[in-house]
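The structure appears right after this line, and notes come after that.
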Amino acid sequence: MSPALETRALCKSFGALTVAAQIDFTLETGARHALIGPNGAGKTTFVNMLMGGLAPTSGSIMLGGDEVTRQSQRQRVKRGLGRTFQINTLFRSLTVVDNVALAVAERHGVAWGMFRPAGGYRAVLDESMQVLEMLGLAADAKLPLAAMPYGKQRLVEIAIALGMRPKVLLLDEPAAGIPSLESHRILEVLDALPAEIAILIIEHDMELVFRFARRITVLAQGAVLMEGSPAEVSSDARVRQVYLGERRE
Amino acid sequence: MSTPSAASHTGSYLSDPRVRFIEWLPWVLAIACYFAAPTYLPLGSYILIMILFALSLDLILGYAGIITLGHAAYFGFGAYVAAILAVRGTADPLIGIVVAGAAAGLLGWLTGLVILRTRGLTLLMLTLAITSICYEIANKAGTWTGGADGLGGFAMKPILGLFKFDLFGKTGYLYCLVFLFLGWWLVRRMIYSPFGASLTGMRDNVLRMHAVGSPVYQRLVVVYSISAALAGIAGALLVHTTEFVGLKVLSFDLSGELLVMLILGGVGRIYGAFVGPLVYLIAQDSLAKQFPEYWYFGIGLMLVLVVMFARGGILGLLDKLLSRMRRGKP
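This is the structure we're talking about:
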């Protein structure tokens with residue numbers, strides 16, 4: 191079976207500046223994979239290329255064995271690619287459950303419906319509620335999003351992505367802005383995500399990364415420095431030098 | 108705690124789409140005015156037309172978040188199509204409405220395809236440019252449009268062959284009221300639908316809508332075309348009730364005035380489009396009688412007060428007062 195997501199010799203350069211160099215990357219089905227690297231290592235560029243927001247200079251991207259390099263974000267989403275954002279990217283004037291329902295409605299293909307009231311689409315509402323229950327947000331479903339505390343808004347970020355029922359989920363710093371004392375709440379949620387989803391997490395909170403990920407890829411200066419298990423990565427001298435060393439000492 | 112959707116008619120999977128008791132109030136008032144103020148019916152018709160026009164703007168500006176200063180292009184286009192049709196084709200009003208609405212919708216679709224690829228200031232400038240182009244075409248194509256003199260001298264046939272347009276504007280008033288009702292019904296249905304919810308989504312966060320796989324551009328073009336068609340119908344109503352069309356219907360002034368009315372009433376709420384034109388046009392009418400030279404000062408002052416103290420317009424202010432009263436109760 192082909193991997194959930196794969197890149198082959200993926201390159202991106204802006205003029206003489208290379209921000210992604212020959213990235214070969216494989217995300218297996220059901221993976222719990224982390225992408226780490228110091229600031230400016232090219233993590234964001236890489237994610238943007240995966241989502242279709244940025245066209246690579248060369249190389250290819252495969253989703254479930256099919257090439258999607260030239261496809262739009264919308265086409266990739268249809269194939270099961272979902273993401274969350276580092277900075278809250280939510281629908282602030284809507285309720286919590288509506289935030290999820292917008293994503294569910296797109297997947298059900300009912301979002302063009304102009305005449306029947308939205309409340310009549312029970313399947314959309316029920317499924318949105320299920321997602322909220324899974325994340326422990328059911329009690330807040332009817333609250334306006336803007337009335338939610340920041341930490342819970344971070345969970346809504348994940349809820350919207352789950353509403354898309356992705357096969358591959360890119361989590362862009364899910365714990366960003368959350369005090370490390372509270373990041374265990376995020377970790378609990380991540381641990382409870384359906385096992386069949388392949389998850390790639392980009393995160394600066396090393397504790398969270400090492401507890402969550404089973405494989406880690408280290409990016410440095412636009413290239414893959416190494417890939418391995420958490421134990422291999424934390425004991426690697428090069429990794430310690432470019433990254434961990436600076437933080438752990 | 109009540110959801111924001113309850114008060115402002117935001118598209119939501121939780122809102123109750125049934126028409127509430129108070130929502131019949133505008134219609135009861137409108138019919139009461141027909142009997143109570145027969146001398147004001149021409150002004151009344153104009154208010155109804157502007158409400159329909161404001162409703163069409165609210166759909167794209169208030170709900171979908173498309174910033175525009177050029178909505179008069181579609182109103183004016185519909186008006187000219189209706190007038191030219193009456194002069195050169197048929198003077199049947201219902202055919203005129205359908206043709207004008209379809210033509211304005213088509214123009215909305217064609218221009219929307221181009222301009223909705225942009226956002227923000229670029230979009231604003233493009234909407235302005237489209238109005239200016241339409242204005243100049245109407246100005247120069249004098250044989251068809253009458254140029255700066257405008258186009259008149261035609262008489263509309265009775266509606267359905269039964270109801271003649273009378274001198275006092277009685278038929279015209281009810282004619283406008285019927286089309287406003289249909290427009291309101293359509294917009295209201297749309298806002299409570301999944302489509303309406305996705306419009307709010309695009310206004311709130313277009314980046315996220317892309318990320319959940321929403322066809323953002325296509326959806327904006329569709330809502331823009333629908334809005335343009337409604338604006339075109341409003342323009343046709345104006346031509347049918349006044350039996351005249353002039354360049355003012357394509358002017359930047361009209362776009363700006365419409366925006367002021369909507370802001371005054373409350374953007375992003377259906378009834379903001381009702382309250383704004385009503386208050387603005389009645390204030391204009393009475394101020395112009397009291398202070399013929401300074402009435403614009405009064406309008407300006409009203410707008411400054413609304414922008415400074417009532418960000419959600421008159422309806423936003425009402426909401427705040429109501430919720431304060433409720434909290435005041437034990």
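Protein sequence lines correspond, in order, to chains C and Y.
Under this note's numbering, the first residue of the first sequence is numbered 191, with each subsequent residue one higher.
Under this note's numbering, the first residue of the second sequence is numbered 108, with each subsequent residue one higher.
Think of the CB as a built atom: it goes at the ideal place given N, C-alpha and C, for glycine as much as any other residue.
Quantities reported herein were computed from a predicted structural model and do not represent experimental measurements.
Neighbour-count burial assignment, residue 338(C), 16 or more Cβ in a 10 Å radius: As a working note, residue 338(C) is residue 148 in the first sequence. Answer is buried; the Cβ neighbour count reaches 16.
Contacting residues, own chain, Cβ-Cβ under 7 Å from residue 426(C) (five flanking each side not counted): As a position in the first sequence, residue 426(C) is number 236, starting the count at 1. Contacts found: 416.
Contact set between residue 143(C) and chain Y, taken where Cβ atoms lie within less than 9 Å: Outside the displayed span of chain C (191 to 439) sits residue 143(C), for which this structure offers no information.
Endpoints, the beta strand (DSSP E) within which residue 394(C) is located: Here residue 394(C) corresponds to residue number 204 of the first sequence, with the count starting at 1. Careful: residue 394(C) lies outside any beta strand (DSSP E) and carries neither H nor E.
Straight-line Cα distance separating residue 367(Y) from residue 415(Y): For the purposes of this step, residue 415(Y) is taken as the residue at position 308 of the second sequence. For the purposes of this step, residue 367(Y) is taken as the residue at position 260 of the second sequence. Approximately 14 Å between the Cα atoms of the pair.
Length of the line joining the Cα atoms of residue 158(Y) and residue 304(C): If you number the second sequence from 1, residue 158(Y) lands on position 51. If you number the first sequence from 1, residue 304(C) lands on position 114. Those two C-alpha atoms are separated by around 22 Å.
Cα-Cα separation, residue 383(C) to residue 126(Y): For the purposes of this step, residue 383(C) is taken as the residue at position 193 of the first sequence. For the purposes of this step, residue 126(Y) is taken as the residue at position 19 of the second sequence. About 41 Å.
Proximity test, Cβ basis, 8 Å: residue 302(Y) and chain C: One-based indexing of the second sequence puts residue 302(Y) at position 195. With 8 Å as the cut-off, residue 302(Y) counts as an interface residue toward chain C.
Cβ-based neighbour list, residue 291(C), same chain, cut-off 6 Å, excluding 5 preceding and 5 following: In the first sequence, counting from the first residue as 1, residue 291(C) sits at position 101. 314, 318, listed in sequence order.
Of the residues 333(Y), 393(Y), 351(Y), the one placed nearest residue 160(Y), counting alpha carbons only: Position 53 of the second sequence, counted from the start, is the residue given in the question as residue 160(Y). Per the Cα distances, 333(Y).
Three-pair Cβ contact test at 8 Å for the segment 334-350 of chain C versus the segment 365-372 of chain C: yes
Chain Y contacts made by the segment 288-301 of chain C, where a contact means CB separation under 8 Å: 288, 291, 292, 293, 295, 296, 297, 300, 301
Neighbour list for residue 364(C) in chain Y, Cβ cutoff strictly below 9 Å: In the first sequence, residue 364(C) corresponds to position 174, counting from 1. Residues of chain Y passing the Cβ test: none, with the nearest at roughly 15 Å.
Spatially closest choice to residue 311(C) from 329(C), 324(C), 288(C), by CA coordinates: On the first sequence, position 121 is the one that residue 311(C) refers to. Selected option, being the one with the closest Cα: 288(C).
Contact under 8 Å by Cβ, residue 225(C) with residue 407(C): Your numbering for residue 225(C) matches position 35 in the first sequence. Your numbering for residue 407(C) matches position 217 in the first sequence. The answer is yes: Cβ separation under 8 Å.
For residue 299(C) and residue 195(Y), the rounded distance between their alpha carbons: Position 88 of the second sequence, counted from the first residue, corresponds to residue 195(Y). Position 109 of the first sequence, counted from the first residue, corresponds to residue 299(C). Looking at the two C-alpha atoms, the distance is approximately 45 Å.
Supposed close pair residue 383(Y), residue 420(Y) - CB separation, criterion 8 Å: Reading the second sequence from its first residue, position 276 is the one you call residue 383(Y). Reading the second sequence from its first residue, position 313 is the one you call residue 420(Y). Going by Cβ atoms, the distance from residue 383(Y) to residue 420(Y) rounds to 7 Å, so yes, they are a contact pair.
CB-CB length for residue 259(Y) against residue 350(Y), believed under 8 Å: As a first step, residue 259(Y) must be located in the second sequence, where it is residue number 152. As a first step, residue 350(Y) must be located in the second sequence, where it is residue number 243. Correct: roughly 6 Å between the Cβ atoms.
CB of residue 194(C) within 8 Å of CB of residue 358(C), strictly: As a working mapping, residue 194(C) is identified with position 4 in the first sequence. As a working mapping, residue 358(C) is identified with position 168 in the first sequence. Yes; because the gap between Cβ atoms is below 8 Å, this pair is in contact.
Where residue 275(C) sits in the DSSP three-state scheme: Counted from its first residue, the first sequence places residue 275(C) at position 85. Looking at residue 275(C) - three-state DSSP - the assignment turns out to be coil, as it is neither helix nor strand.
Any 3 or more C-beta pairs closer than 8 Å across the segment 256-271 of chain C and the segment 318-327 of chain Y: yes
Candidates 380(Y), 200(Y), 139(Y), of which the one nearest residue 186(Y) by Cα: As a working note, residue 186(Y) is residue 79 in the second sequence. Ranking 380(Y), 200(Y), 139(Y) by Cα distance to residue 186(Y) puts 200(Y) first.
contact_flag[the segment 336-344 of chain Y, the segment 206-219 of chain Y] where n(CB pairs < 8 Å) is 3 or more: yes
Meets three-Cβ-pair contact criterion under 8 Å: the segment 142-152 of chain Y and the segment 296-307 of chain Y: no
Run of the beta strand (DSSP E) containing residue 249(C), from where it starts to where it stops: Residue numbering aside, residue 249(C) sits at position 59 when the first sequence is read from its first letter. Residues 248-253.
Selected residue, minimal CA-CA separation from residue 256(C), among 243(C), 271(C), 247(C): The residue given as residue 256(C) occupies position 66 in the first sequence. Residue 271(C) is the option with its Cα nearest to residue 256(C).
8 Å contact criterion, which residue 339(Y) and residue 128(Y) should meet: CB distance rounded: Stepping through the second sequence from its first residue, residue 339(Y) is reached at position 232. Stepping through the second sequence from its first residue, residue 128(Y) is reached at position 21. Actually they are not in contact, since the Cβ atoms of residue 339(Y) and residue 128(Y) sit about 33 Å apart, beyond 8 Å.
Backbone CA spacing between residue 213(Y) and residue 208(C) [nearest angstrom]: Here residue 213(Y) is taken as the residue at index 106 of the second sequence, counted from 1. Here residue 208(C) is taken as the residue at index 18 of the first sequence, counted from 1. Taking the straight line from one Cα to the other gives about 46 Å.
Exposed unless 16 or more other CB atoms sit within 10 angstroms - verdict on residue 337(Y): Along the second sequence, read from residue 1 onward, the residue named residue 337(Y) stands at position 230. Buried, by the Cβ-count rule.
Host beta strand (DSSP E) of residue 421(C) (start-end): Numbered from 1 along the first sequence, position 231 holds the residue referred to as residue 421(C). Looking at the DSSP string, residue 421(C) is not in any beta strand (DSSP E); the run it does join, the alpha helix (DSSP H), is 420-425.
Contacts that residue 305(C) makes with chain Y (C-beta to C-beta distance below 8 Å): Translated into positions along the first sequence, residue 305(C) becomes position 115. Chain Y residues near residue 305(C): 296, 297, 300.
Residue 213(C) - containing beta strand (DSSP E), residue span: Residue mapping note: residue 213(C) aligns to position 23 of the first sequence, counting from 1. Taken as a continuous stretch (DSSP letters only), the beta strand (DSSP E) holding residue 213(C) covers 207-217.
Sequence-distant residues of its chain with Cβ nearer than 8 Å to residue 355(Y) (five each side left out): Reading the second sequence from its first residue, position 248 is the one you call residue 355(Y). Contacts found: 361.
Residue 410(C), enclosing alpha helix (DSSP H) - first and last residue: As a working note, residue 410(C) is residue 220 in the first sequence. Counting along the chain, residue 410(C) falls outside any alpha helix (DSSP H), though it belongs to the beta strand (DSSP E) covering 405-410.
Beta-carbon proximity check, residue 357(Y) vs residue 180(Y), cutoff 8 Å: The residue given as residue 357(Y) occupies position 250 in the second sequence. The residue given as residue 180(Y) occupies position 73 in the second sequence. Cβ atoms of residue 357(Y) and residue 180(Y): closer than 8 Å.
Neighbour-count burial assignment, residue 256(Y), 16 or more Cβ in a 10 Å radius: In the second sequence, the residue the question calls residue 256(Y) occupies position 149. So residue 256(Y) ends up on the exposed side.
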